[in-house]
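Counting from 1, position 126 in the sequence shown corresponds to residue 125 in numbering that gives the first Met the number 0; the numbering is continuous, with no gaps. For each residue, glycine too, the CB sits at the ideal point set by N, CA and C. One structure is given below, encoded as structure tokens.
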Amino acid sequence: METEIIPAILVKTKQDLIERINRVENSVSSVHIDVMDNKFVPNKTVGSESFSGLPKGVSYEFHWMVENPQEHIAKTKGPHLHIIHVEAIRDWSAIRKAAKEAGGKLGIAINPSTPLEKLEPYLKGDAGVSRVLVMSVEPGFDGQKYMASVEEKIRRLRMKFPKLHIEVDGGINPATAQSASRAGADKLAAASAIFNASDTRSAVKAIMESAKEGKRKSS
Ligand code: DX5
Ligand code: ZN
């Protein structure tokens, strides 16, 4: 499975969103947009009103840290990956319907303190979930410290689902990328380690190199 580094963008205005996409669009194939409603988490970011007409050269994954994700997904049309939180699922069929009608796909995120068992119903059979996002910080803010304790979850998921895309989000930098990747993650989302760097392309490269090293050590 190819390793992918995905810049994460947590901003409050469309202008900042576009500016950050522009900084990385030539060095990556997808971008992770953090969306918060000040209800599911105590912070608010740009929302679906800002997601039309985004730059076309990359694909987008939306990390929905919101209540009632189906309402937001319905307003975000296009071939995007919608990652919703397992803790926010109230009406799974409404969420699936919204993603399908919007032309997108679904992934599921899980908080550090939520047991893996909560994911089981959504990974069975043809539930249509191709990605699990393992949170390695409490959702809400960028710049937090990576919680290595979630690697046990990554290992268990990887053992059970060899082909599942497992993304890790929170506190990823060249050092933590290596251990997340060694545990079995193939996609790494990172905000601070990329956007606080003056050269985002080299920052992505540094994370990629150490993720690959972690992968070599795991096999
Ligand atoms: C946290 C967000 C993360 C965050 C990552 O709620 O989901 O995507 O922006 O930021 P860093 O890489 O700085 O931990
Ligand atoms: Zn995120």
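Is there at least one non-hydrogen atom of the ligand ZN closer than 8 Å to the beta-carbon of ASP36? no
Considering only the beta carbon of each residue, do ILE8 and VAL203 sit closer than 9 Å? no
Give me the residue from LYS43, SER49, LEU156 and THR175 with the minimum Cα distance to LEU115. LEU156
Would you say LYS186 and GLU166 are within 9 Å of each other, going by their C-beta atoms? yes
How far does the alpha helix (DSSP H) with LYS216 in it extend, from its first residue to its last? 199-217
Going by the CB atoms, is the gap between ILE193 and PRO6 shorter than 9 Å? yes
Got a sec: does the ligand DX5 put a non-hydrogen atom nearer than 8 Å to the Cβ of MET207? no
Entirely enclosed alpha helix (DSSP H) segments - the stretch 126-166, minimum 4 residues: 150-159
Just to confirm, are MET207 and GLY170 a CB contact at a threshold of 9 Å? no
For LEU53, which three-state DSSP category applies? coil
Mind checking whether GLU150 and THR113 have CB atoms under 9 Å apart? no
Option nearest ASP141 by Cα separation, candidates ILE107, TYR121 and ALA188: ALA188
According to DSSP, which residues form a beta bridge with TRP63? VAL34 and ILE83
Can you name the residues that DSSP bridges to GLU3? LYS186
Quick one: does the C-beta of PRO138 sit closer than 8 Å to a heavy atom of the ligand ZN? yes
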